[in-house]
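These notes are about the structure you will find just below.
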Amino acid sequence: MGIAASTEGLLLLRVLAATGAAVLGAGIALPVKQTSHKVMCALVSFAAGGLFAVTAFHIMPESFELAGFYAAAGATAVGLALFWIVGRYLYFVCPACYASHQESGYLRLGWLMITTMALHSLTDGFAITAGHEAALHHSNKLGLLILLAVSYHKVPEGLALMGVARMSGFSKAKAFIITVLVETTTGLGALIGLLVLGAPPYTLGILLGFIGGSFLYVVLFALLKEMWLHEKTPILFYAGLGMASILAVSWLIGGAAPHG
């Protein structure tokens with residue numbers, strides 16, 4: 007009972023930390039109506055680098071180990087394809103990635119955006135729980151690294167949502183409240199993720215593969231879009247910093263090997 011309670015308490019703290027990162031981003035955006043492109047570009051690129059590192063060096067190896075190569079690769083493809091379909095035919099899954107472009111009229115707050123953002127945050131919350139479960143039984147640092155990478159991305163996400171709400175005509179207070187409410191779906195995703203607690207290794211491997219695919223979509227979308235429209239050097243620099251930070255934390259908490 008005590009172990010279960012402490013485990014659930016740790017998971018709650020992780021969800022609150024990730025949500026808090028988005029709220030921090032929204033708070034940073036409070037004084038201004040639109041965040042500068044350079045700031046958004048740096049934050050998005052840094053976060054993309056972090057997400058890529060945790061996916062390539064931790065999530066995918068863990069998924070392959072638990073579910074086997076073909077099943078894990080298939081789950082990854084499904085996650086990537088689902089997010090691509092939503093982003094292509096419904097609405098942008100990653101408004102932070104688009105917000106850094108400062109295109110005139112590029113985003114307007116509406117139900118489609120709220121729905122896709124909720125899906126994005128649900129996946130983040132689910133990823134935190136799945137990583138937490140994997141850390142309990144398999145890779146003891148995966149949960150913390152997923153939390154760190156998700157939190158990286160939550161900061162520009164909060165900035166972007168706040169900016170979109172402000173440009174849609176909402177006051178600072180209402181825009182902040184909207185951002186916080188949308189980001190609370192991260193907690194809902196974590197609650198849904200409780201269903202995987204105690205899941206067989208194969209099932210957990212499939213879920214991690216799906217999460218890895220969704221992360222890869224965000225990484226590819228953010229970096230490739232930015233590099234296509236803007237200078238490559240600063241984007242690669244900040245992405246490299248994000249990757250290096252994840253690898254450094256991984257080394258500090260579990261030895262030099264990226265996966266384990």
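Its first residue numbered 7, the sequence shown is counted upward by one per residue in the working numbering.
Idealized CB from N, CA, C, for every residue including glycine.
Since the structure is predicted, the reported quantities are computational estimates derived from the model, not experimental observations.
Using a Cβ-Cβ distance cut-off of 8 Å, determine whether TRP90 contacts chain C. Absent from the structure: chain C. Only one protein chain is present.
Please report the distance separating the alpha-carbon of ALA181 from that of VAL202. The sequence position of residue 181 within the sequence shown is 175, counting from 1. The sequence position of residue 202 within the sequence shown is 196, counting from 1. Cα-Cα distance, rounded: 34 Å.
Would you say VAL224 and LEU57 are within 8 Å of each other, going by their C-beta atoms? If you number the sequence shown from 1, residue 224 lands on position 218. If you number the sequence shown from 1, residue 57 lands on position 51. A distance below 8 Å separates the beta carbons of VAL224 and LEU57.
Between GLU189, THR192 and GLY55, which has its C-alpha nearest LEU230's C-alpha? For this step, residue 230 is matched to residue 224 along the sequence shown. For LEU230, the closest alpha carbon among the candidates GLU189, THR192 and GLY55 is that of GLY55.
Distance check for HIS159 and SER51, CA to CA, integer angstroms please. Translated into positions along the sequence shown, residue 51 becomes position 45. Translated into positions along the sequence shown, residue 159 becomes position 153. Approximately 9 Å between the Cα atoms of the pair.
Who are the near neighbours of GLY93 in its chain, counting only those whose CB is closer than 6 Å to its CB and skipping five residues on each side? Here the question's residue 93 lines up with position 87 in the sequence shown. Cβ within range, chain order: VAL99.
According to the neighbour-count rule (16 or more other Cβ atoms, all chains shown, within 10 Å of its Cβ), is TYR112 buried or exposed? What you label residue 112 is simply residue 106 of the sequence shown in a count that begins at 1. For TYR112, the pLDDT reaches just 45, beneath the cut-off of 50, and the residue's location in the model is therefore unreliable, leaving the point undetermined.
Nearest to LEU222 by CA position, among ILE259, LEU72, VAL60 and LEU151, is which residue? Indexing the sequence shown from 1 puts residue 222 at position 216. When only C-alpha atoms are compared, the closest one is VAL60.
By a C-beta neighbour count over all protein chains shown, 10 Å radius and 16 as the cutoff for buried, is GLY131 buried or exposed? Taking the first residue of the sequence shown as position 1, residue 131 is located at position 125. Under this definition GLY131 is a buried residue.
So does the region 65-74 actually touch the region 207-217, counting three or more Cβ pairs closer than 8 Å? Enough Cβ pairs lie closer than 8 Å, so yes.
If you follow the alpha helix (DSSP H) that LEU165 is part of, which residue opens it and which one closes it? By one-based count along the sequence shown, residue 165 stands at place 159. Unbroken alpha helix (DSSP H) run through LEU165: 148-173.
Would a C-beta distance cut-off of 8 Å place HIS138 and ARG20 closer than the cut-off? Counted from its first residue, the sequence shown places residue 138 at position 132. Counted from its first residue, the sequence shown places residue 20 at position 14. Here HIS138 is near ARG20, since their CB atoms are less than 8 Å apart.
Contact defined as beta carbons within less than 8 Å: I believe LYS178 pairs with LEU36. What is the distance between those atoms, to the nearest angstrom? If you number the sequence shown from 1, residue 178 lands on position 172. If you number the sequence shown from 1, residue 36 lands on position 30. With a contact defined as Cβ atoms closer than 8 Å, LYS178 and LEU36 qualify at about 6 Å.
Using the three-state DSSP reduction, which class does ALA196 fall into: helix, strand or coil? Taking the first residue of the sequence shown as 1, we reach residue 196 at position 190. Looking at ALA196 - three-state DSSP - the assignment turns out to be helix.
Beta carbon of GLY271, beta carbon of ALA136: below 8 Å? Because the chain here runs from 7 to 266, residue 271 falls outside it and cannot be looked at.
Three-state secondary structure (DSSP) at VAL99? Start at 1 with the first residue of the sequence shown, and residue 99 comes out as number 93. In the structure shown, VAL99 sits in coil (DSSP, three-state: anything other than H, G, I, E or B).
Given this structure, state the Cα-to-Cα distance separating ALA28 from ILE184, to the nearest angstrom. Within the sequence shown, residue 28 is the residue found at index 22, counting from 1. Within the sequence shown, residue 184 is the residue found at index 178, counting from 1. Each residue's alpha carbon lies about 12 Å from the other.
Should ILE275 go down as buried or exposed, given a rule of 16 or more other Cβ atoms within 10 Å for buried? Absent from the structure is residue 275, since the part of the chain shown begins at 7 and ends at 266.
With 16 other CB atoms within 10 Å as the buried threshold, where does ILE241 fall? The count along the sequence shown starts at 1 and reaches residue 241 at position 235. It is buried - the Cβ of ILE241 has at least 16 other Cβ atoms within 10 Å.
What is the DSSP secondary structure of PHE132, counted as helix, strand or coil? One-based indexing of the sequence shown puts residue 132 at position 126. Three-state DSSP puts PHE132 in a helix.
Mind checking whether the beta-carbon of LEU222 lies closer than 7 Å to any heavy atom of the ligand MN? The ligand MN is not part of the structure shown, which contains no ligands of any sort.
Between the alpha carbons of GLU189 and ALA87, how many angstroms are there, rounded? Here the question's residue 189 lines up with position 183 in the sequence shown. Here the question's residue 87 lines up with position 81 in the sequence shown. Take the alpha-carbon of GLU189 and the one of ALA87: they are about 23 Å apart.
Taking the beta carbon of PHE227 as the centre, do at least 16 other beta carbons fall within 10 Å, making it buried, or is it exposed? Here residue 227 is taken as the residue at index 221 of the sequence shown, counted from 1. With a 10 Å radius around the Cβ and a threshold of 16 neighbouring Cβ atoms, PHE227 comes out buried.
Whole angstroms are fine: how far does the CA of LEU128 sit from the CA of ILE91? As a first step, residue 91 must be located in the sequence shown, where it is residue number 85. As a first step, residue 128 must be located in the sequence shown, where it is residue number 122. One alpha carbon belongs to ILE91, the other to LEU128, and they sit about 17 Å apart.
Per-residue burial, THR191 [other beta carbons within 10 Å of its own, 16 or more giving buried]: Translated into the one-based positions of the sequence shown, residue 191 becomes position 185. Under this definition THR191 is a buried residue.
Going by beta carbon distance, what residues of the same chain come within less than 8 Å of ALA141, once the five residues before and after it are set aside? Position 135 of the sequence shown, counting from 1, holds the residue named residue 141. Cβ neighbours of ALA141 within its own chain (closer than 8 Å, five residues either side excluded): LYS147, LEU148, GLY149 and LEU150.
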